[in-house]
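Quick note on numbering: our numbering labels position 108 of the sequence shown as 95, and the sequence is numbered without any gaps.
From the three backbone atoms N, C-alpha and C, an ideal C-beta is built for every residue, glycine too.
One structure below.
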Amino acid sequence: MSHYVKFTYQCARADIGPFNTLAELNACRRKLLELRLIGLDSNGIGFGNLSVRDSASRNFYITGSATGGGLLKLSLTDCVRVVDYDFKKNWLRYEGAAIPSSESLTHAAIYESELSTTAVIHCHDSVSWRTLLDRAPTTSKRVPYGTCEMAREIIRLFKETDVRSRKIFVMAGHEDGIVTFGKNLEEAFAVLLRQPKASISCIENGFHERFPARHER
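This is the structure:
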């Protein structure tokens, strides 16, 4: 088990078939890398993860553990398909060659809480994190990332806050951690760009690139 993954996982199949949002996922990830909202930390460990729902099911595709910044473009072997999970048991089942992202249960909680959501972005930014802490919907500081407790905390946010409409929340117990979500990756990314650091970086980098059409492979 990966040191950073805090749940038990079971591989149901060692590979995944092509999925039609991989090009969109890579385009969004490339922008996040350029904005330094995902990448490698000072220890060379990748941070940040993205996911897309698998059609109308509770299954979803998510970037593999530690793929935050080590690769410019992800292939099928760098992603997994989560096919089952249980928050109470702190467990999930997946398909693919990679190890599931440490935040897989976090993504699962969002998809389960908001059925219209088909994409989730988890990134790190100190400026936005400090600015939004306790101003945007915020998880408890006592709850660590990637745990079943975090999944339950996210479900609580959907019940008790306006996170459903704001489409963003802050992880108080996971320094610099911010999560956005939307009907697709473009919307989740747009929510992120409205935040202080991301907006400034976008202007500085002259960001005008559009996402590929959803049918592109």
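In terms of residues, what are the limits of the beta strand (DSSP E) holding residue i?
i	result
ALA106	106 to 111
ALA(-1)	-5 to 0
ASN36	36 to 40
If you follow the alpha helix (DSSP H) that residue i is part of, which residue opens it and which one closes it?
i	result
TYR98	91 to 100
GLU6	For the sequence presented, residue 6 should be read as Phe rather than Glu. Here PHE6 belongs to no alpha helix (DSSP H), and DSSP marks it neither H nor E.
ALA138	135 to 147
Please tell me whether residue i and residue j are closer than 8 Å, where the distance is taken between their beta carbons.
i	j	result
TYR48	SER62	no
PRO87	GLY51	yes
ILE3	GLU90	no
ALA205	ALA175	Residue 205 is absent from the model: the chain starts at -12 and stops at 204.
THR125	HIS109	no
ASP28	ASP112	no
ARG40	TYR(-9)	no
LEU179	LEU12	no
SER103	LYS170	yes
LEU119	GLN182	yes
GLU140	VAL130	yes
Could you check what DSSP says for residue i in three-state terms: helix, strand or coil?
i	result
ILE155	strand
THR167	strand
LEU179	helix
LEU27	strand
THR126	strand
TYR(-9)	coil
Contact check, residue i vs residue j under 8 Å by CB: the rounded distance?
i	j	result
SER115	GLY160	Contact doesn't hold; Cβ gap of about 16 Å is too wide.
ARG80	GLN(-3)	5 Å
ALA123	PHE156	6 Å
ILE25	ALA53	About 11 Å separates the two Cβ atoms, so there is no contact after all.
ASP65	ALA85	6 Å
PHE(-6)	TRP78	6 Å
ILE165	SER100	Going by Cβ atoms, the distance from ILE165 to SER100 rounds to 17 Å, so no, they are not a contact pair.
GLY55	PHE34	5 Å
Is any non-hydrogen atom of the ligand SAH found closer than 7 Å to the C-beta of residue i, if you look at the structure I gave you?
i	result
SER62	For the ligand SAH, the structure offers nothing, since it holds no ligand at all.
(Q) Just to confirm the assignment: which complete beta strand (DSSP E) runs, minimum length 3, are found wholly within the segment 45 to 91? (A) 47 to 50, 66 to 73, 78 to 82
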